[in-house]
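**Student:** Mind looking over this structure? Questions follow.
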Amino acid sequence: MHTSVDWLGLFDHFLLLSLLSVGGAITVVPDMHRVLVEQMGLLTETQFNASIAIAQASPGPNVLFVAVMGYQAAGLAGAATTLAGIMLPSTTLALVVARWGHARREWRAVQAFKAGMAPIVVALMFATGWILTAKTPGWSHVLLTVASAIAVWRTRIHLLVLIAVGGILGAVGWV
Amino acid sequence: MASESGPLARPRSPRELFVAFTLLALQGFGGVLAVAQRVLCEQRRWLTKEEFLEILAVGQVLPGPNVCNVALMVGDRFFGWRGAFAALAGMMTVPLLIVLAVTVAYSEFALDPAVAGALKGMGAVAAGLIVGTGLKLMIALRVNPMGVTVCAALGAVTFVAVAILRWPLVWVLLGLGLLACLYAWKRLGAVAPLVNPQER
Numbered sequence: 000m001h002t003s004v005d006w007l008g009l010f011d012h013f014l015l016l017s018l019l020s021v022g023g024a025i026t027v028v029p030d031m032h033r034v035l036v037e038q039m040g041l042l043t044e045t046q047f048n049a050s051i052a053i054a055q056a057s058p059g060p061n062v063l064f065v066a067v068m069g070y071q072a073a074g075l076a077g078a079a080t081t082l083a084g085i086m087l088p089s090t091t092l093a094l095v096v097a098r099w100g101h102a103r104r105e106w107r108a109v110q111a112f113k114a115g116m117a118p119i120v121v122a123l124m125f126a127t128g129w130i131l132t133a134k135t136p137g138w139s140h141v142l143l144t145v146a147s148a149i150a151v152w153r154t155r156i157h158l159l160v161l162i163a164v165g166g167i168l169g170a171v172g173w174v
Numbered sequence: 000m001a002s003e004s005g006p007l008a009r010p011r012s013p014r015e016l017f018v019a020f021t022l023l024a025l026q027g028f029g030g031v032l033a034v035a036q037r038v039l040c041e042q043r044r045w046l047t048k049e050e051f052l053e054i055l056a057v058g059q060v061l062p063g064p065n066v067c068n069v070a071l072m073v074g075d076r077f078f079g080w081r082g083a084f085a086a087l088a089g090m091m092t093v094p095l096l097i098v099l100a101v102t103v104a105y106s107e108f109a110l111d112p113a114v115a116g117a118l119k120g121m122g123a124v125a126a127g128l129i130v131g132t133g134l135k136l137m138i139a140l141r142v143n144p145m146g147v148t149v150c151a152a153l154g155a156v157t158f159v160a161v162a163i164l165r166w167p168l169v170w171v172l173l174g175l176g177l178l179a180c181l182y183a184w185k186r187l188g189a190v191a192p193l194v195n196p197q198e199r
């Protein structure tokens with residue numbers, strides 16, 4: 000399908016994006032679009048958007064959308080290239096920093112970091128929920144989002160049950 | 000919630016980490032964070048809510064997928080690099096195979112309105128799961144040295160900046176994060192410096 004894929008360029012670019020992806024790989028999606036769709040022409044617009052939707056509808060971390068993009072662009076080798084590229088730098092860095100911080104967990108600076116960041120991290124979870132909900136027009140799905148938030152918070156209903164209910168309500172057209 | 004008190008447990012082997020993270024990743028549709036919190040803090044009881052929030056804070060500030068960073072750090076804490084690798088491999092391997100299979104199948108069903116509707120419904124619930132997990136973790140802020148009022152104010156400003164004004168996350172973390180850490184530093188100096196907020 001694709002006779003000439005610039006493998007090294009693809010890998011390099013995802014290595015770079017990995018180090019820029021504060022907040023998760025989803026934050027560098029605009030730049031992936033620039034490279035994969037506009038610059039390299041490896042993916043169509045539809046394939047690009049479908050990659051994100053597929054990964055979100057599948058179990059597992061959302062970063063797997065990067066593998067779906069690689070797969071659609073250049074098969075299994077493409078998936079391996081993009082996923083390895085997006086994971087290697089950030090995981091190495093996370094491991095080094097976590098060890099550094101854990102070895103110094105009694106330091107006032109490390110404790111100040113943890114305490115200072117805690118409310119921001121919680122607020123970011125609310126912001127993520129808001130952004131995911133607000134981008135879809137209409138109101139019925141907002142009700143579903145609020146209901147499932149309360150269910151997670153206040154009950155022990157299995158999370159898969161909640162997801163299944165959402166899927167069924169959506170399939171019959173109530174959302 | 001009686002089952003949440005009592006001593007913490009720990010995984011017996013990297014293999015147990017691999018299995019636990021595989022199972023929790025497979026339950027995570029539209030994001031693994033909500034499941035990770037429930038499994039690690041409530042079911043397996045390997046971490047307190049405060050520890051989870053701390054690890055998540057580091058995972059959030061560093062580049063890379065948050066939940067993968069969390070898996071890595073949790074695994075590393077128990078079994079060093081072997082644990083880190085086991086947890087991350089558990090998080091990624093089986094879900095990767097599934098998502099590639101779904102990609103192959105997707106082209107067949109992409110235009111079916113029921114499939115599109117189901118995806119929309121699952122997406123709405125997934126957003127709710129993240130919000131609900133945030134609501135649950137709020138309780139950990141009670142023991143924050145900055146105090147509840149400052150935490151609430153910081154949270155509100157963060158939310159407005161990211162969700163409403165759509166400022167780039169990097170700048171929010173650098174700007175608000177730095178302010179918050181400086182204030183926390185000051186507060187930690189004001190109270191007795193040896194009091195550890197997450198004493199166990």
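For the protein sequence lines, the chains are A and B, in the order given. Just so you know, numbering that gives the first Met the number 0 puts 123 at position 124 of the first sequence, and the rest follows in order with no gaps. Just so you know, numbering that gives the first Met the number 0 puts 112 at position 113 of the second sequence, and the rest follows in order with no gaps. Each residue gets a CB set at the ideal place from its N, CA and C atoms; glycine is no exception. Predicted model, so just to flag it, every value in this text is computed and none were measured.
(1) I need the DSSP call for Pro112(B), collapsed to helix, strand or coil.
(2) Assuming Val124(B) contacts Leu143(A) (C-beta within less than 8 Å), just tell me the rounded distance between them.
(3) At a Cβ cut of 8 Å, what residues of the region 120-144 of chain A count as close to chain B, listed as they run along the chain?
(4) Check whether the region 72-84 of chain A touches the region 9-22 of chain B, taking contact to mean three or more Cβ pairs, one atom from each stretch, closer than 8 Å.
(5) Are there 16 or more other CB atoms within 10 angstroms of the CB of Lys134(A), so buried, or fewer, so exposed?
(6) For the alpha helix (DSSP H) containing Trp170(B), list its first residue and its last residue.
(7) Please state if the CB of Gly84(A) and the CB of Ser182(A) are separated by a distance shorter than 8 Å.
(8) Could you check whether Ala24(A) and Val62(A) sit closer than 8 Å to each other, using their CB atoms as the reference points?
(9) Give the single residue among Ala115(B), Leu52(B), Leu25(B), Leu128(B) whose Cα lies nearest to the Cα of Val142(B).
(10) Can you give the beta carbon distance from Cys67(B) to Leu39(B), rounded, assuming they're within the 8 Å contact cut?
(11) I'd like the list of long-range same chain contacts for Gln26(B), defined as Cβ closer than 7 Å, with 5 residues on each side in sequence excluded.
(12) Roughly how many angstroms lie between the CA atoms of Pro167(B) and Leu187(B), to the nearest whole one?
(13) May I ask you to list, following chain order, the residues of the region 178-191 of chain B that have a beta carbon less than 9 Å from some beta carbon of chain A?
(14) Tell me, which residues are paired with Val174(A) by DSSP?
(15) Only counting the same chain, and skipping five residues up and downstream in sequence, which positions put a Cβ closer than 7 Å to that of Val69(B)?
(16) Please classify Arg76(B): is it buried, with 16 or more other beta-carbons within 10 angstroms of its beta-carbon, or exposed?
(17) Assuming Ala126(A) contacts Ala162(B) under a Cβ cut-off of 8 Å, what Cβ separation, rounded to an integer in Å, is found between them?
(18) Does the separation of the CB atoms of Val141(A) and Thr154(A) fall below 8 Å?
(19) Quick one, which of Leu118(B), Tyr105(B), Gly79(B), Asp111(B) has its alpha-carbon nearest Val164(A)'s?
(20) For Pro88(A), which of helix, strand or coil comes out of DSSP?
(21) Taking 8 Å as the threshold (C-beta atoms), are Ala49(A) and Leu71(B) in contact?
(22) Mind reading off the beta-carbon distance from Met124(A) to Thr92(B)? Whole number of angstroms is fine, and I expect it under 8 Å.
(23) Measure the alpha-carbon distance for Glu198(B) versus Glu49(B) and round it to whole angstroms.
(24) Please return the same chain residues whose Cβ sits closer than 7 Å to the Cβ of Met0(A), not counting the five positions on each side in sequence.
(25) Against chain B, does Gln110(A) count as a neighbour if the rule is that its beta carbon must be under 8 Å from one of theirs?
(26) Ignoring anything shorter than 4 residues or poking outside the region 5-46 of chain B, list the alpha helix (DSSP H) runs there in chain order.
(27) Where does Met0(B) fall in DSSP's three states?
(28) Looking at the secondary structure, which residues open and close the alpha helix (DSSP H) in which Met124(A) lies?
(29) I need the DSSP call for Pro94(B), collapsed to helix, strand or coil.
(30) Anything in the region 28-51 of chain A with a Cβ closer than 7 Å to a Cβ of chain B? List those residues in chain order, please.
(31) Taking any Cβ of chain B, which residues in the region 148-163 of chain A have a Cβ under 9 Å from it, in chain order?
(32) Following the continuous alpha helix (DSSP H) through Trp138(A), name the residue where it begins and the one where it ends.
(33) Does the beta carbon of Arg11(B) come closer than 8 Å to any beta carbon on chain A?
(34) Between which residues of its own chain and Lys135(B) is the CB-CB distance below 8 Å, once the five residues before and five after are set aside?
(35) What separation, rounded to the nearest whole angstrom, lies between the Cα atoms of Gln38(A) and Leu9(A)?
(36) Out of curiosity, what's the CA-to-CA distance linking Leu96(B) and Thr21(B)?
**Tutor:** This is what the structure holds:
(1) Residue numbering aside, residue 112(B) sits at position 113 when the second sequence is read from its first letter. Helix, per DSSP.
(2) In the second sequence, residue 124(B) corresponds to position 125, counting from 1. In the first sequence, residue 143(A) corresponds to position 144, counting from 1. With a Cβ gap of about 6 Å, Val124(B) and Leu143(A) count as contacting.
(3) Val120, Val121, Ala122, Leu123, Met124, Phe125, Ala126, Thr127, Gly128, Trp129, Ile130, Leu131, Thr132, Ala133, Thr135, His140, Val141, Leu143, Thr144
(4) no
(5) Within the first sequence, numbered from 1, the residue matching residue 134(A) stands at position 135. By the neighbour-count rule (16 or more Cβ atoms within 10 Å), Lys134(A) is not buried but exposed.
(6) Here residue 170(B) refers to the residue found at position 171 of the second sequence. Residues 168-189.
(7) Residue 182(A) is absent from the model: chain A starts at 0 and stops at 174.
(8) Here residue 62(A) refers to the residue found at position 63 when the first sequence is read from its first residue. Here residue 24(A) refers to the residue found at position 25 when the first sequence is read from its first residue. Closer than 8 Å, so yes.
(9) Working through the second sequence from its first residue, we reach residue 142(B) at position 143. The option with the nearest alpha carbon to Val142(B) is Leu52(B).
(10) For the purposes of this step, residue 67(B) is taken as the residue at position 68 of the second sequence. For the purposes of this step, residue 39(B) is taken as the residue at position 40 of the second sequence. Incorrect: roughly 14 Å between the Cβ atoms, too far for contact.
(11) As a position in the second sequence, residue 26(B) is number 27, starting the count at 1. Contacts found: Val34.
(12) Working through the second sequence from its first residue, we reach residue 167(B) at position 168. Working through the second sequence from its first residue, we reach residue 187(B) at position 188. Going by the C-alpha atoms only, they are around 29 Å apart.
(13) Leu178, Ala179, Cys180, Leu181, Tyr182, Ala183, Trp184, Lys185, Arg186, Leu187, Gly188
(14) As a position in the first sequence, residue 174(A) is number 175, starting the count at 1. Partner(s): none; Val174(A) has no beta bridge.
(15) For the purposes of this step, residue 69(B) is identified with residue 70 of the second sequence, where counting begins at 1. Ala35, Ile54, Leu55, Gly58.
(16) One-based indexing of the second sequence puts residue 76(B) at position 77. Under this definition Arg76(B) is a buried residue.
(17) Counted from its first residue, the first sequence places residue 126(A) at position 127. Counted from its first residue, the second sequence places residue 162(B) at position 163. Confirmed, about 4 Å.
(18) Counting from 1 along the first sequence, the entry for residue 141(A) is found at position 142. Counting from 1 along the first sequence, the entry for residue 154(A) is found at position 155. No, they are not a contact pair.
(19) For the purposes of this step, residue 164(A) is taken as residue 165 along the first sequence, with counting starting at 1. Of the listed residues, the one whose Cα sits closest to Val164(A) is Leu118(B).
(20) Translated into positions along the first sequence, residue 88(A) becomes position 89. Of the three classes helix, strand and coil, the one that applies to Pro88(A) here is helix, per DSSP.
(21) Sequence index remark: in the second sequence, residue 71(B) carries index 72 (1-based). Sequence index remark: in the first sequence, residue 49(A) carries index 50 (1-based). The answer is no: Cβ separation not under 8 Å.
(22) As a first step, residue 124(A) is located in the first sequence; it is residue number 125 there, counting from the start. As a first step, residue 92(B) is located in the second sequence; it is residue number 93 there, counting from the start. About 26 Å separates the two Cβ atoms, so there is no contact after all.
(23) Taking the second sequence and counting its residues from 1, the one referred to as residue 198(B) is at position 199. Taking the second sequence and counting its residues from 1, the one referred to as residue 49(B) is at position 50. Low confidence applies to Glu198(B): its pLDDT is 46, below 50, so where it sits in the model is not reliable enough to give any reading.
(24) By one-based count along the first sequence, residue 0(A) stands at place 1. Confidence in Met0(A) is poor, its pLDDT being 48 and thus under 50, which makes the residue's placement unreliable; the coordinate value appears in the next sentence. Nothing meets the Cβ criterion.
(25) Taking the first sequence and counting its residues from 1, one reaches residue 110(A) at position 111. Chain B, which has a Cβ nearer than 8 Å to the Cβ of Gln110(A), makes this yes.
(26) As far as the region 5-46 of chain B is concerned, its whole alpha helix (DSSP H) runs of at least 4 residues are 13-25, 32-36.
(27) To locate residue 0(B), count along the second sequence from 1; it is residue 1. Unreliable positioning characterises Met0(B) in this predicted model, as indicated by a pLDDT of 39, which lies under 50. The coordinate reading is nonetheless provided below. DSSP, reduced to helix, strand and coil, places Met0(B) outside both helices and strands of the structure shown, so it counts as coil.
(28) As a working mapping, residue 124(A) is identified with position 125 in the first sequence. That run of the alpha helix (DSSP H) goes 107-133.
(29) For this step, residue 94(B) is matched to residue 95 along the second sequence. Three-state result, Pro94(B): helix.
(30) Ala49
(31) Ala148, Ile149, Ala150, Val151, Trp152, Arg153, Arg155, His157, Leu158, Leu159, Leu161, Ile162, Ala163
(32) To locate residue 138(A), count along the first sequence from 1; it is residue 139. Where Trp138(A) is concerned, there is no enclosing alpha helix (DSSP H), given that its DSSP letter is neither H nor E.
(33) As a first step, residue 11(B) must be located in the second sequence, where it is residue number 12. So no, Arg11(B) is outside the interface.
(34) Position 136 of the second sequence, counted from the first residue, corresponds to residue 135(B). Non-local C-beta neighbours of Lys135(B) in its own chain, meaning closer than 8 Å and more than five positions away in sequence, comprise Gln36, Lys48, ordered along the chain.
(35) On the first sequence, position 39 is the one that residue 38(A) refers to. On the first sequence, position 10 is the one that residue 9(A) refers to. A straight-line Cα-Cα distance of about 11 Å links Gln38(A) and Leu9(A).
(36) In the second sequence, residue 96(B) corresponds to position 97, counting from 1. In the second sequence, residue 21(B) corresponds to position 22, counting from 1. Leu96(B) and Thr21(B): Cα-Cα distance of roughly 12 Å.
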